[in-house]
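Trainee: Per the numbering used here, the sequence shown starts with residue 33, numbered consecutively.
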Amino acid sequence: MRRTKIAGTGFYVPERVVTNHDLAKLMDTSDEWIRQRSGIVERRFASEDQTPADLAYEAAVRALADAGREIGEIDCILLATLSPQHEFPGTSFFLHEKLDAPEIPCMDLRAQCSGFLYALATANSFIRAGQFGRVLVVGCEVHSMGIELATRGRDVAVLFGDGAGAAVVEANDDANDPADILEIRLHAEGRHARKLWIEAPGCSLRPYRITHEMIDDGRIYPKMDGKFVFKHAVTRMPEVLLETLSAASKKLEDVDLFLFHQANLRINEYVAGQMGIAPEKCLNNIERYGNTSAAAIPILLAEARAAGRAGPGSLVAMTAFGSGFTWACALARL
Ligand code: ACO
Numbered sequence: 033m034r035r036t037k038i039a040g041t042g043f044y045v046p047e048r049v050v051t052n053h054d055l056a057k058l059m060d061t062s063d064e065w066i067r068q069r070s071g072i073v074e075r076r077f078a079s080e081d082q083t084p085a086d087l088a089y090e091a092a093v094r095a096l097a098d099a100g101r102e103i104g105e106i107d108c109i110l111l112a113t114l115s116p117q118h119e120f121p122g123t124s125f126f127l128h129e130k131l132d133a134p135e136i137p138c139m140d141l142r143a144q145c146s147g148f149l150y151a152l153a154t155a156n157s158f159i160r161a162g163q164f165g166r167v168l169v170v171g172c173e174v175h176s177m178g179i180e181l182a183t184r185g186r187d188v189a190v191l192f193g194d195g196a197g198a199a200v201v202e203a204n205d206d207a208n209d210p211a212d213i214l215e216i217r218l219h220a221e222g223r224h225a226r227k228l229w230i231e232a233p234g235c236s237l238r239p240y241r242i243t244h245e246m247i248d249d250g251r252i253y254p255k256m257d258g259k260f261v262f263k264h265a266v267t268r269m270p271e272v273l274l275e276t277l278s279a280a281s282k283k284l285e286d287v288d289l290f291l292f293h294q295a296n297l298r299i300n301e302y303v304a305g306q307m308g309i310a311p312e313k314c315l316n317n318i319e320r321y322g323n324t325s326a327a328a329i330p331i332l333l334a335e336a337r338a339a340g341r342a343g344p345g346s347l348v349a350m351t352a353f354g355s356g357f358t359w360a361c362a363l364a365r366l
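1. Report the three-state DSSP secondary structure of Cys145 (helix, strand or coil).
2. So who's on the other strand from Ala161, going by DSSP bridges?
3. Comparing C-alpha positions only, which one of Phe353, Ala360 and Ala338 sits nearest to Leu366?
4. Determine the contact status of Met269 and Thr351, defining contact as a CB-CB distance below 8 Å.
5. Is Phe262 close to ligand 1? I mean its beta-carbon at under 7 Å from any heavy atom of the ligand.
6. On the three-state DSSP scale, how would you describe Tyr367?
7. Tell me which residue opens and which closes the beta strand (DSSP E) that Leu111 is part of.
8. Nearest CA to the CA of Tyr321: which residue from Phe77, Pro137 and Lys227?
9. Since Phe203 is in the beta strand (DSSP E), which residue starts that stretch and which ends it?
10. Is it the case that the CB of Trp65 approaches a heavy atom of ligand 1 more closely than 7 Å?
11. Closer than 7 Å to a non-hydrogen atom of ligand 1 - does that hold for the CB of Lys227?
12. Given that a residue counts as buried once 16 or more other Cβ atoms are within 10 Å of its Cβ, and exposed if not, what is Lys37?
13. Using DSSP with H/G/I as helix, E/B as strand and the rest coil, what is Leu191?
14. Short check: CB of Ser325 to CB of Glu173, under 8 Å?
15. CB Ile309 to CB Phe290, shorter than 8 Å?
16. Please name the residue, chosen from Arg298, Val188, Gly195 and Ala88, that lies closest to Ser258 on a Cα-to-Cα basis.
17. Can you list, in chain order, the residues of its chain with a C-beta nearer than 7 Å to that of Asn204? Leave out the 5 residues immediately preceding and following it.
18. Using a threshold of 7 Å, is the CB atom of Lys57 nearer than that to any non-hydrogen atom of ligand 3?
19. Our contact map puts Ala39 next to Val201 with C-beta atoms below 8 Å; I'd like the distance itself, whole angstroms only.
20. Could you tell me the alpha carbon to alpha carbon distance between Gly171 and Phe126, rounded to whole angstroms?
21. Mind checking Ala162: buried by the 16 CB within 10 Å criterion, or exposed?
22. Could you say which of Glu301, Ala362 and Arg142 lies nearest to Ala225 if we only look at CA atoms?
23. Would you say the beta carbon of Val190 is closer than 7 Å to some non-hydrogen atom of ligand 1?
24. Hey, quick one: how far does the beta strand (DSSP E) through Asp13 stretch, first residue to last?
25. Please indicate yes or no: does the CB of Ala265 lie closer than 7 Å to some heavy atom of ligand 1?
26. What number of angstroms, rounded off, separates the C-alpha of Asp60 from the C-alpha of Asp209?
27. Measure the alpha-carbon distance for Ala198 versus Leu55 and round it to whole angstroms.
28. Output yes or no for whether 8 Å exceeds the beta carbon distance between Ala112 and Ala151.
29. For Gly178 and Gly185, what's the separation of their Cα atoms in angstroms?
30. In terms of residues, what are the limits of the beta strand (DSSP E) holding Asp212?
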């Protein structure tokens, strides 16, 4: 079986820092409530003139540079997002334009907070099947334009931030290089789709996919059953992590670094505690960036590599849970 590797990573977060105190000026919330419930201290919001593709571009350029590659050496672009630039075409096409890519295919994947791992699995399979040699995988979100920055939307609005992360994934034909994406497991449970979603605009809606009433009623903003999501996240993430390790014939102790989706620090602390994973083997950055959904894992991975927390040869387990519901885990030897 052809092996694959993560050859380069990069991330970008907008310069504008929005603290919990800043949010408390817009809605009835407090720094104390947000920190206690989620661990978040601040997040980044895109500037007035920044589009999702702008963020994706910055992350992609950094990942390409890290891999020592040019866009002309990429065979396909996969972009995961739940906050698209437009309804269609996908954000990947606007990234394609910005990167001045040759006529290579690109596509958006919609698997929310597990989106990057779904895209990584797709890239991995494309490469192993021999269809492509090198794929650019991006997770990108501009949540700040989609959340309701008012008391009505506070339960969701305080959790999210903007950012992008990217990875260059390629075939590893060097027998002396142990780098490999060992295993990726993906899951979904559509019956809980409405537990965390944005309803409108939508082509199931009548008489139009969007009306003034839908806007006034706040149906254009994310709605979440927080406790329900929390319970499923702390069950599904350990489940898929153990399934992935077992499929790769690895044990928890073999893993050098655990990267969990950054939805809530309490979720990650609970999962690590239940599984007996030492805190120093986990990396979190939610306190600085909030939940950046599809961008969270690639941002963490890029930070981990840049900080020397995940060097060549280390075994990294990336685990996510999100809207859909979706959950996934990837085990990679860097
Ligand atoms: N500031 C102040 N008070 C608030 C806020 C806020 N921002 N939001 C809600 N409250 C209030 C509520 O109104 C409620 O008040 P009440 O008791 O008077 O009714 C009280 O605080 C408690 O609210 P709960 O929703 O019960 O708070 P909980 O302890 O469940 O924490 C949280 C909420 C942080 C959202 C938690 O449920 C959670 O993290 N859920 C999981 C989130 C997640 O994993 N998302 C998945 C990934 S995201 C993705 O896939 C797109």
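Ideal placement from N, C-alpha and C gives every residue a C-beta, glycine not left out.
Just so we're clear, the structure is a prediction, and the values are computed from it rather than from any experiment.
Mentor: Taking the definition as stated:
1. For Cys145, the three-state secondary structure derived from DSSP is helix.
2. Bridge partners of Ala161: none, in fact.
3. For the residues Phe353, Ala360 and Ala338, the minimum Cα distance to Leu366 belongs to Ala338.
4. The Cβ-Cβ distance between Met269 and Thr351 falls below 8 Å.
5. Phe262: yes, Cβ under 7 Å from ligand 1.
6. As displayed, the chain neither begins before 33 nor continues past 366, which places residue 367 out of reach and without an answer.
7. In the DSSP annotation of this structure, the continuous segment of the beta strand (DSSP E) that includes Leu111 starts and ends at Cys108 to Ala112.
8. Nearest of Phe77, Pro137 and Lys227 to Tyr321, Cα basis: Phe77.
9. At residue 203 the sequence reads Ala, which differs from the Phe that was named. That run of the beta strand (DSSP E) goes Gly195 to Asn204.
10. Trp65 Cβ: within cutoff of ligand 1.
11. No, ligand 1 has no heavy atom inside 7 Å of this Cβ.
12. Buried, because 16 or more other Cβ atoms sit within 10 Å of the Cβ of Lys37.
13. Leu191 falls in the coil class under three-state DSSP.
14. Using a Cβ distance threshold of 8 Å, Ser325 and Glu173 count as a contacting pair.
15. For Ile309 and Phe290, yes; Cβs fall inside 8 Å.
16. According to the sequence as given, residue 258 is Gly; it is not Ser. Selected option, being the one with the closest Cα: Val188.
17. For Asn204, same chain residues with a beta-carbon under 7 Å away, outside a window of 5 residues either side, are Arg35, Thr36, Lys37, Ala211 and Asp212 in chain order.
18. This structure lacks ligand 3; its bound ligands are ligand 1.
19. The pair is a contact, with the Cβ atoms about 7 Å apart (cut-off 8 Å).
20. Their Cα atoms are separated by approximately 14 Å.
21. Rather than Ala, the amino acid found at residue 162 in this sequence is Gly. That one is exposed.
22. Closest option to Ala225, Cα to Cα, is Arg142.
23. At least one heavy atom of ligand 1 is nearer than 7 Å to the Cβ of Val190, so yes.
24. What the structure shows of the chain is the stretch from 33 to 366, and residue 13 is not part of that stretch, so it cannot be assessed.
25. With a cutoff of 7 Å, Ala265 counts as near ligand 1, since its C-beta is closer than that to a heavy atom of the ligand.
26. Each residue's Cα considered, the two are about 54 Å apart.
27. Approximately 28 Å, taken between the alpha carbons.
28. A Cβ-Cβ contact shorter than 8 Å links Ala112 with Ala151.
29. Each residue's CA atom was taken as its position, placing Gly178 and Gly185 some 11 Å apart.
30. Asp212 -> beta strand (DSSP E) spans Asp212 to Ala220.
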